[in-house]
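Take a look at the structure below.
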Amino acid sequence: MIAGEKSGDIHGALLLKNLLRLMPGMEVRGLGGHGMHALCPGVEDWADEAAVIGVVEVLKKYGWFRKRFLSILEQIRQDQPDCLILIDYPGFNLRLAEKVRKCCPHTKIIYFISPQVWAWHRGRIPKMVRMLDLMMCIFPFEAPLFQEAGLKTEFVGHPLVDEIASIRKDDVREASLVGLFPGSRNREIDRHFPVLIEVVRRLSGERPELSFETAASTEALAERMRGMAQKAGMPPELFHITVGGYHELMDRAAVGVVASGTATMEAALHRLPYMLVYKVPLLTYWMARMLIKIRFIGMVNILAQKSVVKELIQFDFTPDQVIEEIERLLVPENRDALLAEMKQASDKLGQGGAAEHAAQAVCRLLKE
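Quick note: the sequence shown uses our numbering, first residue 3, plus one each step.
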């Protein structure tokens with residue numbers, strides 16, 4: 003099993019837990035994160051180092067990625083496993099699938115959480131048909147795309163549906179709390195947090211009844227944000243920075259500013275009215291503009307096939323536009339309208355049980 007970042011590790015751990023229940027004698031090796039390693043020590047924890055976003059950032063670590071690639075490929079070649087499960091992380095995993103298909107012809111290769119080839123690079127699909135034995139999709143519109151190309155495909159539902167349903171709390175929403183979710187990586191904090199500091203500075207003066215809170219994923223990130231706020235002259239009492247608890251914050255906040263990624267889908271499932279924001283290095287941005295073939299980057303909007311959640315990307319991600327959308331979403335009528343459309347979109351993710359459905363699909367393929 004191979005996962006390459008925190009979200010992949012979360013989904014991989016849920017899948018692994020169900021696989022171990024269905025096939026208790028199985029032996030598992032691979033790469034993942036804390037969750038997968040805790041369930042199976044044979045899965046090495048590498049996700050913190052492997053979680054790199056953007057063409058420029060990946061190129062900077064090319065030597066490190068090449069070394070890890072060759073190492074895991076050699077391990078797979080020696081093991082000749084019955085099954086290889088690749089979890090998201092397409093830049094690494096699709097190249098690995100191609101090599102494994104050649105050196106381990108009897109290994110069943112399964113992909114869990116489809117690469118977003120519907121957004122860019124659809125030319126990869128015929129190649130994936132040749133490399134893979136099963137695609138397990140978490141979005142409903144993906145399955146027909148692969149099935150029509152001749153790849154065995156199952157829509158298993160989205161793992162987040164179960165995860166959020168198990169922890170979501172109702173009736174704790176605070177009418178004047180703004181939740182800020184700038185991302186979980188240093189580079190995301192460096193690009194997004196200065197804009198959010200300015201938003202807090204201005205809004206706290208114009209709307210003194212509002213409070214602002216963010217939940218850092220680690221103490222190191224919290225210290226980074228505190229240092230940035232202090233350097234900008236932000237009084238500590240205006241901005242509450244905590245470690246962990248961002249799911250709880252999504253339940254409590256009246257409105258959210260959420261960096262693009264898994265957190266935006268989590269916000270929708272928490273029924274948090276929010277706007278999507280993101281900023282990347284200019285070279286990465288212009289390359290993405292040339293490659294991406296869809297109108298939206300937020301999954302709620304993609305599922306709805308229209309603009310439901312406001313997307314403030316790159317040059318549009320400014321204090322003025324963020325403040326305007328926060329104030330709009332603080333109006334009850336606007337909040338209610340957005341919540342209704344968000345629910346309609348997120349309901350398309352299935353009714354839960356994604357990891358169990360995926361584990362059953364793996365077992366069926368192995369029995370076949």
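Beta carbons are placed, not taken as given, at the ideal position from N, Cα and C, and that holds for glycine.
I believe residue i touches residue j by the beta-carbon criterion, under 8 Å. Please report the beta-carbon distance rounded to the nearest angstrom.
i      : j      : result
Arg373 : Arg337 : Nothing can be reported for residue 373, as the shown portion of the chain is limited to 3 through 370.
Ser262 : Ile299 : 6 Å
Val158 : Ala363 : 6 Å
Val163 : Leu351 : 5 Å
Met133 : Ile111 : 6 Å
Ala256 : Ala177 : 5 Å
Leu278 : Val310 : That belief does not hold up - the Cβ atoms of Leu278 and Val310 are roughly 10 Å apart, past 8 Å.
Pro161 : His39  : Contact doesn't hold; Cβ gap of about 18 Å is too wide.
Thr109 : Leu86  : 5 Å
Pro423 : Leu331 : Because the chain in this structure spans residues 3 to 370, residue 423 falls outside the shown range and cannot be described.
Phe195 : Met227 : 6 Å
Leu182 : Leu198 : 5 Å
Ala361 : Leu17  : 6 Å
Per DSSP, what kind of secondary structure is residue i in: helix, strand or coil?
i      : result
Lys110 : strand
Gly258 : strand
Asp50  : helix
Val30  : coil
Val202 : helix
Ile4   : strand
Lys101 : helix
Lys63  : coil
Arg209 : coil
Ile12  : helix
Trp120 : coil
Gly37  : helix
Gly125 : helix
Arg68  : helix
Arg291 : helix
Met25  : coil
Leu274 : coil
Hey, quick one: how far does the beta strand (DSSP E) through residue i stretch, first residue to last?
i      : result
Ser213 : 213-218
Can you tell me which residues form a DSSP beta bridge with residue i?
i      : result
Gly181 : Glu215, Gly258
His242 : Glu215
Ile432 : Residue 432 cannot be examined here, being either before or after the span of the chain that is shown, 3 to 370.
Val45  : Gly32
Can you tell me where the alpha helix (DSSP H) with residue i in it begins and where it stops?
i      : result
Thr266 : 264-271
Glu225 : 221-233
Leu305 : 301-306
Val364 : 356-369
Arg330 : 321-331
Pro237 : Per DSSP, Pro237 belongs to no alpha helix (DSSP H) and is neither H nor E.
Pro337 : Residue identity check: residue 337 is Arg in the sequence provided, not Pro. Arg337 -> alpha helix (DSSP H) spans 334-348.
Check the Cβ-Cβ distances between residue i and every residue of chain D, and say whether any is below 8 Å.
i     : result
Leu24 : This model lacks chain D altogether; it includes just one protein chain.
Do residue i and the ligand MN come close, with the Cβ less than 7 Å from some heavy atom?
i      : result
Val174 : In terms of ligand content, the structure shown is empty, and the ligand MN therefore cannot be addressed.
### Task
For the stretch 72-98, list the beta strand (DSSP E) runs that are entirely contained and at least 3 residues long, ordered along the chain.
85-89
### Message
Please give the ranges of any beta strand (DSSP E) in the stretch 128-196, keeping only runs that are unbroken, at least 3 residues long and fully inside the region.
### Response
136-139, 155-157, 179-183
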